[in-house]
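Quick notes on the structure that follows.
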Amino acid sequence: MVNLPERVVNMEAAREQFGLRADWLMSYFTRLDPLADAVIEDFESRRGGWKLLDRALRDGIAAVPEAPEALQALFAQLDEVPRWVDWDRIERAGRFFFRTGPAGGIVLGAKSLCYGYCSPGGNKPLIFTGKLLPQHVARRLAETGRFVVATCSPGGLRRDGEGFAATVRVRLMHAKVRRLLLRDPRWDSGRWGEPINQHDMLGTSLLFSQSFLEGIRQFGFTVTRAEADDYLHLWRYSGYLIGVAPELLPVTEPDADTFADLILMTQGAPDADSRRLIDALVHFPIDLAKTEAERRAARYRMAAGYGFCRYLLGDDLADQLDLPRDGWRHLVPACAGLIGRLEPFRRLVPPVERLYRRSGESYWDQTVTVGLEGIPAQFAPPMGLA
1028 MVNLPERVVN
1038 MEAAREQFGL
1048 RADWLMSYFT
1058 RLDPLADAVI
1068 EDFESRRGGW
1078 KLLDRALRDG
1088 IAAVPEAPEA
1098 LQALFAQLDE
1108 VPRWVDWDRI
1118 ERAGRFFFRT
1128 GPAGGIVLGA
1138 KSLCYGYCSP
1148 GGNKPLIFTG
1158 KLLPQHVARR
1168 LAETGRFVVA
1178 TCSPGGLRRD
1188 GEGFAATVRV
1198 RLMHAKVRRL
1208 LLRDPRWDSG
1218 RWGEPINQHD
1228 MLGTSLLFSQ
1238 SFLEGIRQFG
1248 FTVTRAEADD
1258 YLHLWRYSGY
1268 LIGVAPELLP
1278 VTEPDADTFA
1288 DLILMTQGAP
1298 DADSRRLIDA
1308 LVHFPIDLAK
1318 TEAERRAARY
1328 RMAAGYGFCR
1338 YLLGDDLADQ
1348 LDLPRDGWRH
1358 LVPACAGLIG
1368 RLEPFRRLVP
1378 PVERLYRRSG
1388 ESYWDQTVTV
1398 GLEGIPAQFA
1408 PPMGLA
């Protein structure tokens, strides 16, 4: 038994359905990321800490003899590749991701990110950092896309890969935000749990893996058990690098489904901040439009965005979020009908499979390049809170 934050609901039902696992998972509301937190604590007391990180990522920790003990301890964990890591499976998972192309981008935005926003406690760090302005939303989306693409690209999670470096930077960004929140009197651990805790870190990892797989199937793609487990394997290693407790990381899709169902059952209904975040996500194109033609295109994009969200999240959540119920919700079934008819052909003809993947790579390259507007993704920690 643990002291549960107020955000947790339906625990009796969760215990009935999930047994001891329910209380076991809830205990992680109080657990953080000691290795990353120690690095940030050290960096706050010295000048040039982030430059030491840059050197360690580029040249290896051995090439930074003046690195503080905290940074050395972090890299001792990062540089130890767990025995269960299978690089062939990770490469196959990356090819699977790029195969989904624009549909994968829609799923990440309208399902994965929005599921995260629906958590009335998990969404609070994002609210406290105050990144709801349209330009901030656009930049956050572009950097999230860069992170996912770098993670899924060939060799991305290898020690010298861009995905590895991005993951470490995101981990320390989380630690910096956590430090700021723990020192802010507005943060209410009794309501929300500790900021960016292990429970919520697992939930975020599931958004990029389990939730993505669920959404891609809604779009009509065929995903075999082996493909799904390979994709979870990629995000299992990503989760290890980003600081999720290894015992929390699911190994198979049924494991991931169990965690996702338990989190959804106990997280409570979406709150006003959930609606603010989703509205900011869907509205930002029209807020940034500069001409009437851009505003007209952005209105269609906004309407389609709400339609994607309603279908991919399901009517129950969509109603709680006050999302429009109109004809745009039929976009996903229409796409799924076409994709589903093409799937048997794709699986039987290897050149078509390769065409899907190359098209997806081109889509993501263009999407991230346009979104970043020539400014590289830095994954820089905020200097303060809103």
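Numbering (the numbering used here) for the sequence shown: 1028 to 1413. Every residue, glycine too, gets a C-beta built ideally from N, C-alpha and C. Given the structure is predicted, the values throughout are model-derived calculations rather than measurements.
Using only the alpha-carbon positions, how far apart do residue i and residue j sit?
i       : j       : result
Gly1148 : Ala1165 : 23 Å
Ala1283 : Ile1290 : 11 Å
Glu1380 : Ala1097 : 45 Å
Arg1082 : Pro1408 : 18 Å
Pro1281 : Pro1095 : 41 Å
Thr1394 : Arg1196 : 22 Å
Thr1251 : Leu1369 : 16 Å
Mind checking residue i: buried by the 16 CB within 10 Å criterion, or exposed?
i       : result
Gly1414 : Nothing about residue 1414 can be read from this structure; the chain reaches only from 1028 to 1413.
Ala1404 : buried
Pro1109 : exposed
Thr1194 : buried
Val1397 : exposed
Trp1355 : buried
Ile1402 : exposed
Arg969  : In the structure as shown, the chain begins at 1028 and stops at 1413. Residue 969 is therefore absent and cannot be evaluated.
Glu1254 : buried
Phe1406 : buried
Leu1084 : buried
Pro1377 : exposed
Please tell me whether residue i and residue j are closer than 7 Å, where the distance is taken between their beta carbons.
i       : j       : result
Gly1128 : Tyr1333 : no
Trp1214 : Leu1207 : no
Ala1413 : Gly1157 : yes
Pro1297 : Gln1225 : no
Gly1143 : Leu1234 : yes
Leu1199 : Gly1190 : no
Ala1063 : Ala1177 : no
Cys1336 : Leu1350 : yes
Gly1270 : Asp1106 : no
Leu1229 : Leu1268 : no
Taking residue i as the reference, which of the options has the closest Cα?
i       : options                               : result
Arg1126 : Tyr1258, Leu1031, Asp1227 and Leu1140 : Tyr1258
Asp1050 : Met1200, Leu1358, Asn1037 and Ala1103 : Asn1037
Ala1040 : Ser1238, Glu1118, Gln1294 and Leu1234 : Gln1294
Ser1238 : Ala1137, Ile1154 and Arg1198          : Ala1137
Glu1241 : Asp1064, Leu1135, Pro1273 and Met1292 : Leu1135
Arg1186 : Glu1400, Arg1352 and Tyr1264          : Tyr1264
Val1204 : Ala1325, Ala1299, Glu1068 and Pro1181 : Glu1068
Pro1311 : Asp1298, Ala1320 and Arg1326          : The residue asked about is misnamed: residue 1311 is Phe in this sequence, not Pro. When only C-alpha atoms are compared, the closest one is Arg1326.
Leu1159 : Leu1350, Val1309, Pro1351 and His1357 : Val1309
Pro1181 : Glu1400, Ile1269, Ser1072 and Phe1123 : Phe1123
Gln1044 : Arg1385, Thr1285 and Val1112          : Thr1285
Pro1161 : Arg1384, Arg1323, Ala1307 and Arg1374 : Ala1307
Is it true that the stretch 1075 to 1093 meets the stretch 1168 to 1181, where meeting means three or more beta-carbon pairs spaced less than 8 Å apart? no
So, do the stretch 1217 to 1225 and the stretch 1050 to 1062 have three or more beta carbon pairs nearer to each other than 8 Å? yes
So does the stretch 1300 to 1314 actually touch the stretch 1145 to 1160, counting three or more Cβ pairs closer than 8 Å? yes
With three or more beta-carbon pairs closer than 8 Å as the criterion, would you say the stretch 1355 to 1367 touches the stretch 1244 to 1259? yes
The stretch 1312 to 1325 in contact with the stretch 1340 to 1347 per 3-pair CB rule at 8 Å: no
Are the stretch 1258 to 1270 and the stretch 1109 to 1124 touching, with three or more C-beta to C-beta distances below 8 Å? yes
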